[in-house]
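Below: the structure, in structure tokens.
Protein chains: 2
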Amino acid sequence: MASGVTDPSIKTPKDSRRRAEGLRQRLEREIFSGALLPGERLDESGLARRFGVSRTPVREALLQLASAGLIEMRPRQGAVVAAITVQQLLQMFEVMADMEALCARYAARRMAPAERQALERAHKACVDLARRRDPEQYYEANRIFHEVVYAGTRNAYLEETTRALRNRLSSYRRFQLHQPGRVANSLAEHDAVVAAILAGDADGAATAMRAHVSVQGEVFTDLVSMLPPQYLQVTAS
Amino acid sequence: MASGVTDPSIKTPKDSRRRAEGLRQRLEREIFSGALLPGERLDESGLARRFGVSRTPVREALLQLASAGLIEMRPRQGAVVAAITVQQLLQMFEVMADMEALCARYAARRMAPAERQALERAHKACVDLARRRDPEQYYEANRIFHEVVYAGTRNAYLEETTRALRNRLSSYRRFQLHQPGRVANSLAEHDAVVAAILAGDADGAATAMRAHVSVQGEVFTDLVSMLPPQYLQVTAS
DNA sequence: CTGTCTAGGCTTGTATACAAGAGAATGTCT
DNA sequence: AGACATTCTCTTGTATACAAGCCTAGACAG
Chain X
1 MASGVTDPSI KTPKDSRRRA EGLRQRLERE IFSGALLPGE RLDESGLARR FGVSRTPVRE
61 ALLQLASAGL IEMRPRQGAV VAAITVQQLL QMFEVMADME ALCARYAARR MAPAERQALE
121 RAHKACVDLA RRRDPEQYYE ANRIFHEVVY AGTRNAYLEE TTRALRNRLS SYRRFQLHQP
181 GRVANSLAEH DAVVAAILAG DADGAATAMR AHVSVQGEVF TDLVSMLPPQ YLQVTAS
Chain Z
238 MASGVTDPSI KTPKDSRRRA EGLRQRLERE IFSGALLPGE RLDESGLARR FGVSRTPVRE
298 ALLQLASAGL IEMRPRQGAV VAAITVQQLL QMFEVMADME ALCARYAARR MAPAERQALE
358 RAHKACVDLA RRRDPEQYYE ANRIFHEVVY AGTRNAYLEE TTRALRNRLS SYRRFQLHQP
418 GRVANSLAEH DAVVAAILAG DADGAATAMR AHVSVQGEVF TDLVSMLPPQ YLQVTAS
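Okay, here's the thing in structure tokens:
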């Protein structure tokens with residue numbers, strides 16, 4: 001797929017550490033964005049050539065990605081982009097809904113006035129962008145909305161964990177965007193979340209947020225059926 | 238991971254990959270057990286000599302530990318066992334309480350009859366061991382009790398995440414054991430959790446479990462004051 | 001005596017060389 | 001012809017060599 005796409009010598013003579021971090025993040029983005037599809041083989045030498053470094057930093061990047069669960073490294077058989085089973089996907093969505101709900105609960109209790117205003121602004125941005133009918137831009141605005149909620153939890157660990165899970169699922173959620181009427185629903189749900197948080201209603205915020213990010217029942221079925229086959233692993237091995 | 242599917246013959250009796258994993262796990266245990274104290278420097282060459290391998294696998298192990306948050310790698314300055322701030326510790330305990338509560342909630346809804354019996358057995362084992370006044374053994378029985386709850390969630394991702402956080406905090410919780418009366422309290426709390434789960438009371442199970450693992454207020458203060466100074470990082474950096 | 005600058009050693013980060021296993025391709029035997 | 005064994009190649013895993021930055025010790029000036 002990306003075999004012939006050799007970007008000519010990136011050549012960042014600035015900071016060598018920068019290069020290593022950039023490597024991991026770059027591969028990360030390629031996975032999140034779908035440029036690297038699940039099941040795709042990650043050849044160490046090939047990546048090394050592509051990025052103009054040796055195999056050592058490539059291996060280090062791959063190891064970190066494996067720790068994050070984004071790729072799978074089978075001993076002596078190399079690394080492939082992780083594909084997950086339908087069960088795993090459902091379970092991860094389930095946990096994510098509860099973690100986002102937890103974030104909303106904390107945020108409702110802890111947000112400072114300035115943060116509450118930022119939440120309203122982020123929500124308003126979503127409303128404005130929804131009118132443009134540009135799913136990509138709305139996707140980004142929605143992401144920021146959730147980031148504002150994370151920041152309001154005043155709990156960096158919860159923030160980080162939730163964000164990691166959200167990122168991990170992002171390549172799957174992407175396919176949800178194009179469902180008709182999804183954006184309108186999403187806005188209404190945001191509205192309920194904002195109202196509850198501004199009112200300091202922790203339970204209400206949690207419930208509203210859980211409903212917003214919840215992907216189960218028919219919604220889950222629809223999502224799974226829209227996924228390209230590579231994204232899912234056959235359950236029985 | 239333990240989703241019921243049996244692994245298709247792991248084989249590899251002498252797999253060299255095994256050695257690298259053993260390396261990571263060995264360092265992990267040394268950190269959890271307190272053999273390696275927070276702030277302690279992890280010299281790559283030294284570890285390589287100690288384990289009889291070259292620096293390469295050592296570096297790979299360190300990178301994985303860094304991904305798990307157990308150590309901290311500052312560029313060009315080497316790795317040290319992670320010490321966290323009081324704020325971070327409080328936040329992690331907070332999240333852990335909610336995640337364990339979530340586990341209990343799921344378990345109350347989903348445990349099969351056989352699993353409920355296993356829960357009762359695990360609880361009984363705790364009661365029996367408490368009489369022996371052996372904190373270490375009780376600690377282990379308590380761990381198993383929680384593992385049974387995890388298994389009852391039927392959500393491998395939640396299970397794995399919660400376990401990882403629990404392990405991460407284990408070296409801090411260890412100091413809590415020796416508080417007088419802690420074991421008796423713990424048993425009473427287990428009792429409430431078991432009762433709620435057996436009754437299928439999801440909310441009650443969550444509340445009881447949160448109360449059980451919750452470390453805040455005076456309990457948190459006591460815990461922090463019992464920690465050796467290395468375990469905590471000075472807040473201002 | 002103290003603060004600052006500099007040079008050296010020692011550590012990490014990267015590249016390359018080497019060993020060893022997995023998979024493919026080919027040849028042979030039934 | 002088909003199935004099986006064997007070799008061969010290509011990949012990963014590990015070791016070692018090399019480059020580059022940080023820390024410290026020591027000297028010198030104020």
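Residue numbers (the working numbering), protein chains in the order written: chain X, 1 to 237; chain Z, 238 to 474.
All C-beta atoms in this analysis are idealised placements derived from N, C-alpha and C, irrespective of residue type, glycine included.
Around the Cβ of residue i, are there at least 16 other Cβ atoms within 10 angstroms (buried) or fewer (exposed)?
i         : result
Ser462(Z) : exposed
Val386(Z) : buried
Ile197(X) : buried
Ser45(X)  : exposed
Glu450(Z) : Going by the sequence as given, residue 450(Z) is Val instead of Glu. The residue is buried, with at least 16 neighbouring Cβ atoms inside 10 Å.
Glu396(Z) : buried
Asp440(Z) : exposed
Gln314(Z) : exposed
Ala298(Z) : buried
Glu100(X) : buried
Gln91(X)  : buried
Val471(Z) : exposed
Pro38(X)  : buried
Ala319(Z) : buried
For residue i, would you say it is in contact with chain X, using Cβ-to-Cβ distances shorter than 7 Å as the test?
i         : result
Asn392(Z) : yes
Val332(Z) : yes
Gly441(Z) : no
Asp335(Z) : yes
Ser291(Z) : no
Ser304(Z) : yes
Counting only beta-carbon atoms, is residue i nearer than 7 Å to chain Z?
i         : result
Met92(X)  : yes
Ser170(X) : no
Val183(X) : no
Gln64(X)  : yes
Thr12(X)  : Confidence at Thr12(X) is low in this model, with a pLDDT of 33, below 50, so the placement of that residue is unreliable and no value is reported for it.
Leu102(X) : yes
Leu223(X) : no
Gln230(X) : no
Leu158(X) : yes
Glu295(X) : Nothing in the structure corresponds to residue 295(X), since chain X is present only between 1 and 237.
Glu60(X)  : yes
Ser45(X)  : no
My assumption, with CB atoms under 8 Å, is that residue i sits in contact with residue j. Please give the rounded CB distance.
i         : j         : result
Val80(X)  : Tyr394(Z) : Not quite, the Cβ-Cβ distance comes to about 20 Å (not below 8 Å), so this is no contact.
Cys363(Z) : Ala378(Z) : 5 Å
Val58(X)  : Leu23(X)  : 7 Å
Leu63(X)  : Gln301(Z) : 6 Å
Arg154(X) : Arg210(X) : Not a contact, Cβ separation roughly 20 Å.
Ala341(Z) : Gly437(Z) : Ala341(Z) to Gly437(Z), Cβ: 12 Å. No contact.
Asp98(X)  : Leu339(Z) : 6 Å
Gln216(X) : Phe51(X)  : Actually they are not in contact, since the Cβ atoms of Gln216(X) and Phe51(X) sit about 40 Å apart, beyond 8 Å.
Ala429(Z) : Ala443(Z) : 11 Å between Cβ atoms; not a contact.
Ala388(Z) : Tyr375(Z) : Rounded, the Cβ-Cβ distance is 20 Å, inconsistent with contact.
Any contact of the stretch 65-76 of chain X with the stretch 173-183 of chain X, i.e. 3+ C-beta pairs under 8 Å? Using a Cβ-Cβ distance cut-off of 8 Å, the stretch 65-76 of chain X and the stretch 173-183 of chain X are not in contact, since fewer than three pairs of beta carbons, one from each stretch, lie closer than that value.
Measuring CB atoms only, is the stretch 264-271 of chain Z touching the stretch 405-412 of chain Z, in the sense that at least three cross pairs come out at less than 8 Å? yes
Between the stretch 118-138 of chain X and the stretch 340-359 of chain Z, are three or more C-beta pairs nearer than 8 Å? no
Every unbroken alpha helix (DSSP H) within the stretch 151-232 of chain X, with a cutoff of 4 residues, ordered by chain: 156-173, 182-198, 202-213, 217-226, all fully within the stretch 151-232 of chain X.
Within the chosen definition, does the stretch 317-327 of chain Z reach the stretch 422-430 of chain Z through at least 3 CB pairs nearer than 8 Å? no
Mind pulling the alpha helix (DSSP H) runs of 4 or more residues that sit fully within the stretch 257-341 of chain Z? 281-288, 292-304
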